[in-house]
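The opening residue of the sequence shown carries number 1 in full-length UniProt numbering; numbering runs sequentially from there.
Built from N, CA and C at the ideal position, the CB exists for glycine as well.
Step one of this worksheet: look at the structure below.
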Amino acid sequence: MKVENMMEALAQARVRRPELAARFMEAQDAARLFRPGMTVGMSGFTKAGDAKALPRALVERARGEPLDLTLITGASLGNDSDGLMANAGVIARRLPFQADASLRRKINTGEVMFIDQHLSETAEQLRSGVLPAIDIAVIEACAIREDGSIVPTMAVGNSASFVQQAKQVIIELNLAAPVALEGLHDIYVPRPRPGREPIPLTHPGQRIGATAIAVDPARIAAIVVTNSPDSPSSVLPPDTETDAIARHVIAFLEGEVSAGRMTPQLLPLQAGIGTIANAVLHGLTQSSFRGLTMYSEVLQDSAIELLDAGQLALASASSITLSAATHERFIANLDKYRDRIVLRPQEVSNHPEIVRRLGIIGLNTALEFDIYGNVNSTHVGGTHMMNGIGGSGDFARNGELAIFVSKSEAKDGAISSVVPMVSHVDHTEHDVDVLVTEWGLADLRGLAPRERAPVIIEHCAHPAYRAQLRDYYERALLRGGQTPHLLEEALAWHERYRRTGTMQVT
């Protein structure tokens, strides 16, 4: 049998509603359904479960005319899709999160309007009409059921809400995603207000919804067959600094257990996307903690390592984003993980109601933080977008513990991650409980601003910058105030770096 015929047979077998066989379409033909200025909802969350063929087909389509789409996703897309579409004039507006260098440049030059949102809020704003209604939803699937419902792949993200609202739905049927993923998902969409009921979830592993995304088959406009894996995770392996950060976090959590504030199983863990948070979770494999649970938005390599080590009992998230080697191991042993992993819509994985009820321990990365505990997660130098706030705000404000981690310096020591005043605020001092660098940990709970500053300086700042920070703080004290500052100098460190290439006083 020819490869093309074999692929066609495999695709037909995965579409269990016979009438939908007539909807198979090439990506370039499906791209003709789009009109300039449309609002498009596209599956994808931290490079997992994203559409693979339509973005490239839209790039080709845009050679004839700019499409200027409003593109809404779950989070970041893989396969360079965001950058390709941005460079081709496909995207005019983008939300709620991205992690692509080319798109980032377009955002920071003002060519693409970027709305940086808490990941829990996008579906809510679609439902309420604050955001424009979805014209076309593009959703990756591993199968389509007899009733037409869509079985997602390695991510759920906002897909259920996109499908619920879209006038037309295009399904990318990815043959590289095993049908064995079916059953991993738990699709629950809160009802509109008024009359909304509490979300009936009281345990990280609890299932409260369906295992596929419901859709009226009449709205399925096209089925595009692909055979492409997700982009592998680009997180770096642990290093000396991240190992030290992990040790500080583990010692702190052990102290919480000793103080009787937590059991040896802790509370459910959340870890944001990225190298440092992943490395800290990896460090838990060297701890004595057992019977752990996760209630997070993304599962990275470290979560699979903890599951394999028997330390993590179960994990709930909205996506699974893995390195190539870990992805291969995960798929090969999917049956082993099936009863221990749940994938949910991101408005449920990140919902403030659930985060507060379960008492999540949130572990997220800071670009910089200041001597009073305010955190900048998104803007380099206060002006230029990096990736976005993602889910860190959902968990920081509503969880039991908000832990932010960062290496103490960047650019070979030219930048201090601890500054007098952050150049942009994503998480105020009111939402931040613990700050950690490779040098130490600052527990800010129960401390007034004047008590926080010395703790942060002495425990978290790099030794090369401590004297500068002490000098600033001591002179600020002479001005008085609940939160002493020298406003004429508060952002001088960032300006010094811009002018001289270093924050250090030379």
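Residue state for MET85 is assigned as helix, using DSSP reduced to three classes. The segment 99-108 makes no contact with the segment 155-164: fewer than 3 CB pairs, one atom from each, lie closer than 8 angstroms. Ranked by how close their Cα comes to the Cα of SER296, the residues ARG356, ARG23, MET385, GLY129 have ARG356 in first place. Spanning the alpha carbons of VAL436 and VAL156 requires a straight line of approximately 31 angstroms.
Counting other Cβ atoms within 10 Å of its Cβ, LYS411 stays below 16 and is therefore classed as exposed.
CA-to-CA, the gap between ARG479 and PHE34 works out to about 59 angstroms. Taking one beta carbon from each stretch, the segment 255-272 and the segment 391-402 have 3 or more pairs nearer than 8 angstroms; the two touch. The three-state reading of DSSP puts ARG94 in strand, counting E and B together. Under the three-state reduction of DSSP, HIS485 is assigned to coil, being neither helix nor strand. LEU306: member of the alpha helix (DSSP H) spanning 301-308, first to last residue. Ranking GLY362, ALA448, TRP493, THR226 by CA distance to the CA of MET421 puts TRP493 first. Assignment of beta-bridge partners to ILE72 by DSSP yields GLY41, LEU95. Taking a contact as a CB-CB distance under 8 angstroms, the pair ILE223 and PHE24 counts as one, their CB atoms being some 5 angstroms apart.
Look at ASP370 here: in three-state DSSP terms it is strand. A residue is called buried once 16 or more other Cβ atoms fall within 10 Å of its Cβ, and LYS167, having fewer, is exposed. Looking at the backbone, the Cα of ALA62 and that of ALA490 are separated by about 46 angstroms.
Counting only runs of 3 or more residues that sit fully inside the segment 389-475, the beta strand (DSSP E) segments are 401-405, 434-437, 440-443, in chain order. Counting only residues of its own chain and dropping the five nearest sequence neighbours on each side, LEU181 has a CB closer than 8 angstroms to the CB of CYS142, VAL151, PRO152, THR153, MET154, LEU334. Taking VAL90 as reference, the option from GLY74, SER76, LEU119, ARG56 with the minimal CA-CA separation is ARG56.
If only complete runs of 4 or more residues are kept, the segment 290-368 shows the alpha helix (DSSP H) at 301-308, 324-332, 334-337, 346-349, 352-358, in order along the chain. Note on geometry: alpha-carbon atoms of ILE276 and CYS460 lie some 15 angstroms from one another. Cα atoms of GLN117 and ASP82: separation of roughly 17 angstroms, rounded to the nearest angstrom. By the criterion of at least three beta-carbon pairs nearer than 8 angstroms, the segment 188-195 is not in contact with the segment 366-381. With respect to the C-alpha of THR70, the residue from MET38, GLU429, ALA442, SER120 having the closest C-alpha is MET38. Taking each of ALA53, LEU441, ASN278 in turn and checking the Cα distance to PHE252, the smallest one comes out for LEU441. Considered as a whole, the segment 143-231 harbours 159-165 as its complete alpha helix (DSSP H) runs of no fewer than 4 residues, in chain order. Within the same chain, and ignoring the five residues on either side of LEU299 in sequence, the residues whose Cβ sits closer than 6 angstroms to its Cβ are ALA315, ALA317, ILE320. Among the bridge pairs identified by DSSP, HIS379 is matched with MET385.
The three-state secondary structure of GLU111, taken from DSSP, is coil. Membership of GLN125 in any beta strand (DSSP E) is not indicated; the residue belongs instead to the alpha helix (DSSP H) covering 122-128.
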